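Colleague:
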Amino acid sequence: CVLARMEYYKCAGHPEHEFLLFYFRHWIDSCSAQAVVSADRAMQGQNRSLRQSSELVSPSSSDTNAYDSISIYGSPHDAAPELQVRYTQYSRLCTFDFPLSSAPSALQVSTVLSLVHLQAPAYHLYENQCYWFSSAVWGSLKVLFPD
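Residue numbering for the sequence shown follows the UniProt record's numbering, beginning at 1 and increasing consecutively.
1) Within the 7 Å Cβ cut-off, does GLN84 reach chain C?
2) In whole angstroms, what is the alpha-carbon distance linking PRO81 and THR95?
3) For PRO121, I'd like the list of residues in its chain whose CB is within less than 8 Å of its CB, leaving aside the five on either flank, ordered along the chain.
4) Give the list of continuous alpha helix (DSSP H) stretches no shorter than 4 residues that lie fully inside the region 59–87.
5) Give the straight-line distance between the Cα atoms of ARG25 and TYR73, rounded to the nearest whole angstrom.
6) Please classify SER38 as buried or exposed, where buried requires at least 16 other C-beta atoms within 10 Å of its C-beta.
7) Rounded to whole angstroms, what's the CA-CA distance from LEU118 to ARG92? Just pull it up for me.
8) Take SER134 as the anchor and find which of ARG41, TRP27, LEU100 has the nearest alpha-carbon.
9) Does the Cβ-Cβ distance between MET43 and TYR123 come in under 7 Å?
Listed below in C-alpha cells is the structure:
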C-alpha cells in the first residue's frame, strides 16, 4: 500500500481548519484501488464534527493535549459525502503526486504522522495547531520522498 497523492485543504468560515487527505494505492485481486485517509489536529475533547467548532482556546493552554486523528474513508467516491459531513465547506490548497519510484508506504506515512505528534503533543493556539500539524506533515513527506 503506497501513497499516490496527498492534498492540503482549508475549511471555509470560522475556524479555518486545515487538514490533509492521503490517497493510498493498493491492489485487490491484481486490480489497483484507492483508499482515502484524512489527517488533522484539534484540541482534546473538541467536537469531532468541525461544522460547529467555535470553541475559544487560550494561548496559554499549552497543557491541552492535541487530538491528532486519522480517518479511513475507503474509495474516493465513498469518501466525498463523509468528508462533507465532517468538514462542511472546504477547498483544496495544494496537491502533491508521488511517483511510484519514490512513493512512501502506509507504514512510512504513519511513522511521519507519529513523529510530528511526538514533536508537539500539546495543542497551542499560536504554535502547534491544525495549521502547524498539516504543514509539518506535508513538508516532511515532500522532503523525505521527493518526486
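Virtual Cβ for every residue (Gly too), placed ideally from N, Cα, C.
None of the values given here were measured: they were computed from a predicted structure.
Modeller: With the structure as the only source:
1) Absent here is chain C; the protein component of the structure consists of one chain.
2) Start at 1 with the first residue of the sequence shown, and residue 81 comes out as number 81. Start at 1 with the first residue of the sequence shown, and residue 95 comes out as number 95. Looking at the two C-alpha atoms, the distance is approximately 20 Å.
3) For the purposes of this step, residue 121 is identified with residue 121 of the sequence shown, where counting begins at 1. Counting only Cβ-Cβ distances below 8 Å, and skipping sequence neighbours, we find ASN65, ALA66.
4) 76–87
5) Start at 1 with the first residue of the sequence shown, and residue 25 comes out as number 25. Start at 1 with the first residue of the sequence shown, and residue 73 comes out as number 73. Those two C-alpha atoms are separated by around 13 Å.
6) Here residue 38 corresponds to residue number 38 of the sequence shown, with the count starting at 1. Buried is the call here.
7) Position 118 of the sequence shown, counted from the start, is the residue given in the question as residue 118. Position 92 of the sequence shown, counted from the start, is the residue given in the question as residue 92. Cα to Cα, LEU118 sits roughly 27 Å from ARG92.
8) Looking up residue 134 in the sequence shown gives position 134. The residue with the shortest Cα to Cα distance from SER134 is ARG41.
9) Here the question's residue 43 lines up with position 43 in the sequence shown. Here the question's residue 123 lines up with position 123 in the sequence shown. In contact: MET43 and TYR123 (Cβ atoms closer than 7 Å).
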